[in-house]
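**Student:**
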Amino acid sequence: MVLKKIVNWARVKSPWIIHVNTGGCNGCDIEVVDVLTPRYDVERLGILIQGSPRHADVLVVTGPATQQMKSRLKLLWEQTPDPKFVIAIGACACSGGIFRHSYIPCLGIDTVIPVDIYIPGCPPKPEAIIFGIAQLLAKLQGKDTPVITPKEIDLKSHIKDKEAFAI
Amino acid sequence: MLAVWAQWLLLILGILFFPGIGFCISIALFDEWIDRKFYAALQDRIGPLHTGFKGILQPLADFLKLLANEDIEPKAADKWGMRIVAVIGLTIPLLALLFVPIVNLSGILSFEADLLLLSFLTTILALVIYLAGWFSANRLAMPGTMRAASQLLSYEIPILMAMFAVALRTESLSVAGIVTWQLEHHRPVIFSLPMVIFFLIFLLSSQAELERSPFDIPTAETEIVGGWEVEYSGKKLAFFRLSADLQMVYAAGLGAALFLGGPIGVEMWIPAFADWLGTGASLAQPGGVMWVGAIRMAYYALIFAIKTTLIVLVFSTMKALMARLRIEQFLEFSWKWLIPVSLGLMIVTFFWVPWLDNTLWSKFEALFPGGAT
Ligand code: SF4
Chain A
62 MVLKKIVNWA
72 RVKSPWIIHV
82 NTGGCNGCDI
92 EVVDVLTPRY
102 DVERLGILIQ
112 GSPRHADVLV
122 VTGPATQQMK
132 SRLKLLWEQT
142 PDPKFVIAIG
152 ACACSGGIFR
162 HSYIPCLGID
172 TVIPVDIYIP
182 GCPPKPEAII
192 FGIAQLLAKL
202 QGKDTPVITP
212 KEIDLKSHIK
222 DKEAFAI
Chain B
21 MLAVWAQWLL
31 LILGILFFPG
41 IGFCISIALF
51 DEWIDRKFYA
61 ALQDRIGPLH
71 TGFKGILQPL
81 ADFLKLLANE
91 DIEPKAADKW
101 GMRIVAVIGL
111 TIPLLALLFV
121 PIVNLSGILS
131 FEADLLLLSF
141 LTTILALVIY
151 LAGWFSANRL
161 AMPGTMRAAS
171 QLLSYEIPIL
181 MAMFAVALRT
191 ESLSVAGIVT
201 WQLEHHRPVI
211 FSLPMVIFFL
221 IFLLSSQAEL
231 ERSPFDIPTA
241 ETEIVGGWEV
251 EYSGKKLAFF
261 RLSADLQMVY
271 AAGLGAALFL
281 GGPIGVEMWI
291 PAFADWLGTG
301 ASLAQPGGVM
311 WVGAIRMAYY
321 ALIFAIKTTL
331 IVLVFSTMKA
341 LMARLRIEQF
351 LEFSWKWLIP
361 VSLGLMIVTF
371 FWVPWLDNTL
381 WSKFEALFPG
391 GAT
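Quick mapping for you: the protein sequence lines, in order, are chains A and B. Numbered according to my numbering, the first sequence spans residues 62 to 228. Numbered according to my numbering, the second sequence spans residues 21 to 393.
#1: A:I180 to A:D118, Cα distance in whole Å?
#2: With distances taken from each beta carbon to the nearest heavy atom of the ligand SF4, which residues come in below 6 Å, in chain order?
#3: When you check each C-beta in the region 84-117 of chain A against every C-beta of chain B, which residues fall closer than 7 Å?
#4: Return the residue from the list B:F37, B:G298 and B:L220 that minimises the CA-CA distance to B:I359.
#5: B:G391 to B:W296, Cα distance in whole Å?
#6: With a cut-off of 9 Å, does the C-beta of B:H70 fall near any C-beta of chain A?
#7: Can you find the residues in the same chain that come closer than 8 Å, C-beta to C-beta, to B:V368, ignoring five residues on each side of it along the sequence?
#8: How would you label B:P68, buried or exposed, when you count the other beta carbons within 10 angstroms and need 16 or more for buried?
#9: In the DSSP output, which residue or residues are listed as bridge partners for B:Y320?
#10: Which parts of the region 89-141 of chain A are runs of the beta strand (DSSP E), unbroken and 3 residues or longer, counting only runs that do not cross its ends?
#11: Would you kindly report the start and end of the unbroken beta strand (DSSP E) that includes A:F146?
#12: Considering only residues of the same chain and omitting the five flanking positions on each side of B:T393, which have a CB-CB separation below 8 Å?
#13: What does the Cβ neighbour count give for B:R56, buried or exposed, with the cut at 16 atoms within 10 Å?
#14: Is there a C-beta anywhere in chain A that falls below 9 Å from the one on B:L77?
#15: Grab me the residues of A:P125's own chain with a C-beta within less than 8 Å of its C-beta, minus the 5 sequence neighbours each way, in chain order.
#16: For B:A26 and B:I35, what's the separation of their Cα atoms in angstroms?
#17: Report the residue from A:I78, A:D90 and A:L64 whose alpha carbon sits nearest the alpha carbon of A:V183.
#18: Can you give the Cα-Cα distance for B:K95 and B:A325, rounded to whole angstroms?
#19: With DSSP as the reference, label B:V105 as helix, strand or coil.
#20: If the criterion is Cβ atoms closer than 9 Å, does the pair B:Q78 and A:G112 meet it?
#21: If A:W134 and A:V81 are in contact, beta carbons under 8 Å, what's the gap, nearest whole angstrom?
#22: Could you check whether the region 332-339 of chain B touches the region 141-158 of chain B, counting it as contact only if at least three pairs of C-beta atoms, one from each stretch, sit closer than 8 Å?
#23: Do B:F222 and B:L278 come within 9 Å of each other at the CB atom, strictly closer than that value?
#24: Take B:E251 and list the residues in its own chain whose beta-carbon comes closer than 7 Å to its own, dropping the five residues that flank it on each side.
#25: With distances taken between CB atoms, is the gap from A:L120 to A:I174 smaller than 9 Å?
#26: Using CA coordinates, which residue listed in A:P144, A:M130, A:P185 and A:G193 is at the minimum distance from B:N89?
#27: Relative to chain B, which residues along the region 131-150 of chain A have a C-beta separation below 7 Å, given in chain order?
#28: Cα-Cα, which of B:P113, B:G246 and B:E132 is closest to B:T143?
#29: Keeping to the same chain, check which residues put their C-beta closer than 7 Å to that of B:A294; ignore five residues upstream and five downstream.
#30: Using only the alpha-carbon positions, how far apart do B:A148 and A:T127 sit?
#31: Run through the region 169-206 of chain A for me and flag every whole alpha helix (DSSP H) of 4 or more residues, listed as ranges in chain order.
#32: So, does the CB of A:I191 fall closer than 9 Å to a CB anywhere in chain D?
#33: Per DSSP, what kind of secondary structure is A:N69 in: helix, strand or coil?
#34: Taking just the CA atoms, how far does B:M268 sit from B:G42?
#35: Consult DSSP for B:V250 and reduce its assignment to one of helix, strand or coil.
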């Protein structure tokens, strides 16, 4: 029991992601990169981006499941070690988005692999992506609300050039 | 006097817990946290924050999670080879760390000419990494393996040069002898002129041996997705990551011992303090005062931790400041610059240093309160 608790704690504290683009327009990918860079910095939550699916726990998928990527997405999912989770980012990955009614049907990625968290938006804001990740971590802990309680930050104390902002 | 069985018991406890495996692993995880935090700060990020106090438990959480993950072994891979290599990759830095002085002037294990054994262990480590890539039979692991082999072998030589230059300077082939020399001469090795450059060479080639940016060509995440460790998951990846942290501590600890005086702190210049510390009890000297011995252990461990952490900060600054090189630029840098320079400095050390010692340094030494040696 104690061991299970420790393992669960470790799992919640260090979700490593791999980013897969299955054929989106690159809008969502920019937002995912945004989340990893200094302004939003999800390394605070222990999230690291990995190159190989063998090292990752969470597949972060952007874009619809195109014909070409279907088999490859499945392969990537199979290569990820258990326990693995999938986050669908953007309207495309959730349902097909603007590609849904095109001449070649591209549906959401849940037609190929099981999805844990859907983050809608075209593209979703970085805040929305972080909220989705927090939802996933809450799900791992068996709660339905995110784990992290937000802190109030006095933004005024962070302004360096005070005169430029003086009203 | 302690009984023989009690001495053996203390030695085994030492190897398992305090200056040995347990202490080394915890300081390795601590240094990874320092590294990640400092790296993040240099990039204007925050780094790990929500795991323990300011994210201090983050490396532990990563390690435990990887241990609990599924362990995938590809069909084409050499399964037993992969398992054995992962375990050996963890054991070698641990074994090497037992020779690094942490709570004493010598390591837990030490003998005459253990510097030779340490150089042998670093070479074996390169071989282990090569085999790790080879056994996983992956077409992305192969280029990583080849790069790792050429990189590790070409940067091994400057490291060995630096190690043996220090040996030449202090006329001792054991780490304990080198540390004692620094205590007796009231100065760390780095204070003699060619050794400063050797210290820089040591840091640079250690960075290359540790496969950290700008020398992270073998594990380049953005081009060959992790290089030689691409097929490793679960427990084996956890072992390799811990091994990388331990190697970092080992490189920093060895650099501290060879160039900065190891666990010796201010008592280098205060002989009375050094004499007082010398009365403490230890395994080598069981007749001493017990509580002085305990204080000395804690003091030395603290100084060791401070020095290694400072060197790790230098490593992470290098990692943050520079971009990845191309493989041939990188090998060129080793064979055309580092190795000739260190060879030349070796000759300088051999001929010039005795003169420096006898004429120049003896004048300078009178300035120290420690007096002449
Ligand atoms: S959801 Fe919108 S932004 Fe994202 S990949 Fe699809 S079309 Fe592009």
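We put the CB at the ideal spot given by N, CA and C, even for glycine.
**Tutor:** According to the structure shown:
#1: Distance between the alpha carbons of A:I180 and A:D118 is about 18 Å.
#2: Selection output, chain order preserved: A:G85, A:C86, A:G88, A:C89, A:T123, A:G124, A:G151, A:A152, A:C153, A:G158, A:I159, A:C183 and A:P184.
#3: Per Cβ criterion, the list reads P99, D102, E104, R105, L106, G107, G112, S113, R115 and H116.
#4: Of the candidates B:F37, B:G298 and B:L220, the one whose C-alpha sits nearest the C-alpha of B:I359 is B:L220.
#5: Note that B:G391 scores 45 on pLDDT, short of 50, meaning its location in the model is unreliable; the coordinates nonetheless yield the value given after this. Rounded to the nearest angstrom, the gap between the Cα atoms of B:G391 and B:W296 is 18 Å.
#6: Interface with chain A (9 Å Cβ-Cβ cutoff): B:H70 is included.
#7: Counting only Cβ-Cβ distances below 8 Å, and skipping sequence neighbours, we find P214.
#8: Buried, because 16 or more other Cβ atoms sit within 10 Å of the Cβ of B:P68.
#9: Answer is none; B:Y320 lacks a bridge partner.
#10: List check, beta strand (DSSP E) in window: 119-123.
#11: Segment F146 to I150, the beta strand (DSSP E) holding A:F146.
#12: Any reading at B:T393 must be qualified, since the residue scores a pLDDT of 41, below 50, and its modelled position is unreliable; the value itself is stated next. Here the set comprises E204, H205, H206 and E385.
#13: Within 10 angstroms of the beta-carbon of B:R56 lie 16 or more other beta-carbons, which makes it buried.
#14: It does; some Cβ of chain A falls within 9 Å.
#15: T83, G84, G85, C153, A154, G157, G158, F160, R161, C167, L168, G169 and I170, listed in sequence order.
#16: For B:A26 and B:I35, the gap between their C-alpha atoms comes out near 14 Å.
#17: The displayed chain sequence assigns Cys, not Val, to residue 183 of chain A. Nearest C-alpha to A:C183 among A:I78, A:D90 and A:L64: A:D90.
#18: As the crow flies, the alpha-carbon of B:K95 is around 43 Å from that of B:A325.
#19: Looking at B:V105 - three-state DSSP - the assignment turns out to be helix.
#20: Not a contact, by the Cβ cut-off of 9 Å.
#21: Note that residue 134 of chain A is Leu in the sequence shown here, rather than Trp. A:V81 and A:L134 do touch by the CB rule: their CB atoms are close to 7 Å apart, below 8 Å.
#22: Segments in contact, no.
#23: Result yes, Cβ atoms of B:L278 and B:F222 sit closer than 9 Å.
#24: Hits under 7 Å: P94, A97, S156, N158 and A161.
#25: Yes, the pair counts as a contact, with Cβ atoms nearer than the cut-off.
#26: Among A:P144, A:M130, A:P185 and A:G193, the Cα nearest to that of B:N89 belongs to A:P144.
#27: The region 131-150 of chain A vs chain B, Cβ under 7 Å: P142 and D143.
#28: Taking only the C-alpha atoms, the option nearest B:T143 is B:P113.
#29: Excluding sequence neighbours, B:A294 sits near L203 and E287.
#30: The identity of residue 148 of chain B in the sequence shown is Val, whereas the question assumes Ala. B:V148 and A:T127 have their alpha carbons spaced roughly 41 Å apart.
#31: Listed in chain order, they are 187-201.
#32: This model lacks chain D altogether, as its protein chains are A and B.
#33: It is helical.
#34: A straight line joining the alpha-carbon of B:G42 with that of B:M268 spans about 16 Å.
#35: Coil.
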